[in-house]
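One structure below.
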Amino acid sequence: MFVILLVGAFLPPLDFFIVNVALPSIRRELGSSSSAEQLVISSYAALYALTLITGGRLGDLYGRGRVFFLGLIGFAAASALCAFAWSPWALVAGRALQGVTAAVMAPQALASVQAIFPESEKPLALSLYGAVFGLAAVVGQALGGILISLDPLGMGWRAIFLVNLPVAILVALFGIPLLKETRARHAHKLDLGGMALSMVTLGALIVPLIEGREAGWPLWAWLSLIAVPVLARLFWRYETRLARAGGAPLLDPAALQAPGLGRALLVALLFYAIGAFFLLFSVYLQGALHATALSAGLVFLPFGAGFLLGPLSTPFCRRFLGAYVNPVGMGLETVGLLGLVWLIVATPAGLPPASVPLAAILFVIGFGQGIALPTLMRMVTGRVAPAFSGMIAGIASSTLQVSTALSVAVIGGIFYTVLGARTDPAAITQAFIVAILCIACCLAAGAGLSIGPASPLRAESTATDGADAAARRA
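In my numbering, the protein residues as written are 89 to 562.
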């Protein structure tokens with residue numbers, strides 16, 4: 089059953105990245121404006137991030153397998169709408185629906201690891217989760233370029249969405265008979281008030297981060313960001329009152345007060361600063377080096393190989409590194425990014441970096457991220473009782489999405505500020521180097537913060553002891 093649920097970890101990042109290289113083709117066929125083109129990406133990213141916590145809690149309350157298949161079917165329907173979109177706004181609507189259904193589907197795999205697997209098997213399960221998650225991110229870049237180039241049956245960019253349909257059909261046919269349901273022992277109705285407040289709070293943070301720079305940072309974006317602490321406080325007070333009244337809050341305060349959880353989530357927030365790297369590296373390859381969409385996508389394959397092998401190596405690394413797997417992984421990413429800066433600086437302007445050193449550096453970055461991700465997920469999910477598996481899976485996934493949005497907004501903003509009005513290869517290269525150094529600083533900070541927190545095993549037992557009463561409400 090877990091293998092089936094891993095599809096839920098694979099499809100959302102695949103569909104986020106696969107669209108990047110298809111945007112020029114979409115613009116030519118549908119005649120979309122720059123704002124509509126931006127919404128094709130941001131509508132998916134925003135609604136995915138907004139719905140993750142609710143999606144995780146739905147699995148706790150109504151069964152993780154059942155909720156997974158409902159999300160999968162909805163995701164397939166949304167993919168069909170995208171594939172047969174007749175206008176830019178129909179495509180945006182399909183992408184928004186994809187984001188919501190992906191958020192319902194995705195947390196169930198991570199939640200099932202915490203709820204089903206014994207402690208001795210969790211590292212391997214999380215390693216497989218990390219391998220699939222990382223593989224999807226890179227396969228999306230390459231597969232998008234390949235499908236656009238091959239143009240199967242003359243479908244063009246529509247093929248990148250149609251490819252989801254056979255996958256969803258096969259998973260449903262083979263997975264439903266194998267369904268082994270898990271849920272919280274004492275399920276209550278969904279906390280609709282908490283769901284609404286959480287989505288409003290996250291929306292006030294994420295939408296300006298995604299849309300603000302493209303819109304020139306208008307007043308509404310700043311007002312929205314200023315309102316986030318107030319909305320977060322209202323949300324927390326609402327959840328606390330609901331818990332005291334014996335209800336089942338969307339985010340249970342007892343679970344969220346587990347020792348070390350806040351620090352682990354801060355590391356997760358810094359971890360996906362590398363999210364901006366994918367976008368900016370593509371800009372560098374195509375803008376400064378004039379690479380094609382296909383070749384730009386294929387450049388990421390060494391990163392993908394490292395990201396695939398990294399999680400599979402995590403159990404082996406734990407034997408030698410113990411609690412230092414995550415800082416070592418994020419440290420490798422930092423070293424790889426600094427190595428990439430050195431390689432670009434050492435390469436004459438206008439020429440591509442040497443392919444072998446570039447592939448080796450990208451492999452190191454991917455490998456570092458790959459060994460860090462499963463350990464980071466265990467640092468977060470291992471700190472709460474199994475009854476809250478869906479909730480904490482949603483929080484962990486949502487934190488990574490917020491991290492991606494922050495990195496694209498902040499580091500992407502730094503890139504375009506340094507670039508200014510220039511578009512020549514030298515200017516793009518200079519801006520890219522500055523952005524890489526910013527990403528490296530974030531990862532180095534995350535590596536430092538991840539040294540010293542209580543081990544997941546000790547924290548989990550503490551959280552379980554402290555959350556027994558809350559688990560009865562869940």
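Cβ atoms here follow ideal geometry from the backbone N, Cα and C, with glycine treated the same way.
Selection from the options that minimises the alpha carbon distance to residue i
| i | options | result |
| --- | --- | --- |
| Gly281 | Ala247, Leu253, Thr328 | Thr328 |
| Gly232 | Ser312, Ser113, Val95 | Ser113 |
| Ile563 | Arg466, Cys405, Ile483, Phe365 | There is simply no residue 563 to check, as the chain begins at 89 and stops at 562 in what is shown. |
| Gly300 | Leu382, Thr487, Val496 | Val496 |
| Leu358 | Ile141, Ile527, Pro341, Leu146 | Ile527 |
| Val355 | Ala533, Gly159, Pro100 | Ala533 |
| Cys529 | Ala166, Ile499, Ala133, Leu149 | Ile499 |
| Val188 | Ala137, Ile92, Pro211, Gly151 | Ala137 |
| Arg152 | Ala411, Val295, Gly96 | Gly96 |
| Leu293 | Leu313, Met283, Ala284, Ala181 | Leu313 |
| Pro436 | Pro306, Val155, Leu266, Ala376 | Ala376 |
| Gly162 | Ala260, Ile92, Val107, Ile204 | Ala260 |
| Ala133 | Leu258, Ala333, Arg183 | Arg183 |
| Leu146 | Pro265, Met283, Leu266 | Met283 |
| Ser401 | Leu102, Pro211, Leu494, Met243 | Pro211 |
| Leu428 | Ala333, Ile106, Thr517, Arg407 | Thr517 |
| Ser208 | Leu290, Thr422, Arg406, Phe262 | Arg406 |
| Ser491 | Leu525, Ala411, Leu531 | Leu531 |
| Val371 | Leu160, Pro513, Val192 | Pro513 |
Opening and closing residue of the alpha helix (DSSP H) in which residue i lies
| i | result |
| --- | --- |
| Phe455 | 443-469 |
| Thr189 | 176-193 |
| Ala532 | 513-537 |
| Pro296 | 280-299 |
| Met418 | 413-434 |
| Tyr326 | 307-332 |
| Ser167 | 152-171 |
| Leu368 | 363-371 |
| Thr402 | 389-409 |
| Val355 | 349-359 |
| Ile264 | That residue, Ile264, is in no alpha helix (DSSP H); it is neither H nor E in DSSP. |
| Glu117 | 111-118 |
| Leu344 | 341-344 |
| Ala247 | 247-250 |
Beta carbon of residue i nearer than 7 Å to that of residue j
| i | j | result |
| --- | --- | --- |
| Trp308 | Ala110 | no |
| Leu426 | Val416 | no |
| Ala343 | Val472 | yes |
| Leu373 | Ala384 | yes |
| Ala224 | Leu235 | no |
| Ala166 | Leu185 | yes |
| Pro390 | Leu461 | no |
| Gly458 | Pro403 | no |
| Pro100 | Ala230 | no |
| Gly482 | Gly144 | yes |
Residue i versus residue j: straight-line alpha-carbon distance, rounded
| i | j | result |
| --- | --- | --- |
| Ser538 | Gly501 | 27 Å |
| Trp324 | Leu338 | 10 Å |
| Leu330 | Ala194 | 27 Å |
| Leu250 | Ala346 | 43 Å |
| Phe98 | Pro206 | 23 Å |
| Pro541 | Leu241 | Only weak support exists for where Pro541 lies, its pLDDT of 49 falling under 50; the value from the coordinates is given anyway. Taking the straight line from one Cα to the other gives about 54 Å. |
| Met287 | Asp279 | 12 Å |
| Thr463 | Trp174 | 44 Å |
| Gly419 | Gly456 | 7 Å |
| Ala515 | Val255 | 42 Å |
| Ile480 | Ala379 | 41 Å |
| Leu94 | Gly470 | 19 Å |
| Ala320 | Ser237 | 46 Å |
| Val91 | Val128 | 30 Å |
| Phe395 | Phe221 | 9 Å |
| Ala199 | Gly348 | 19 Å |
| Gly392 | Val318 | 40 Å |
| Ala484 | Ile106 | 23 Å |
| Asp553 | Val155 | Here Asp553 scores only 41 on pLDDT, less than 50, and its place in the model should not be relied on; the value that follows carries that caveat. If you take the alpha carbons of Asp553 and Val155, they lie about 28 Å apart. |
| Phe503 | Pro306 | 19 Å |
| Ala388 | Ile432 | Residue identity check: residue 388 is Phe in the sequence provided, not Ala. Roughly 16 Å between the two C-alpha positions. |
| Ala535 | Asn414 | 7 Å |
| Ala493 | Ser131 | 12 Å |
| Leu179 | Met467 | 38 Å |
| Glu421 | Trp310 | 32 Å |
Taking 8 Å as the threshold, find out whether the stretch 513-528 comes into contact with the stretch 442-449 through three or more Cβ pairs. Short answer: they don't touch.
The stretch 170-183 contacting the stretch 365-384, beta-carbon criterion three pairs below 8 Å: Touching, no.
Indicate whether the contact test is met: 3 or more Cβ pairs, each with one atom in the stretch 211-219 and one in the stretch 506-519, closer than 8 Å. By the C-beta criterion, the stretch 211-219 is judged not to be in contact with the stretch 506-519, since fewer than 3 inter-stretch pairs fall below 8 Å.
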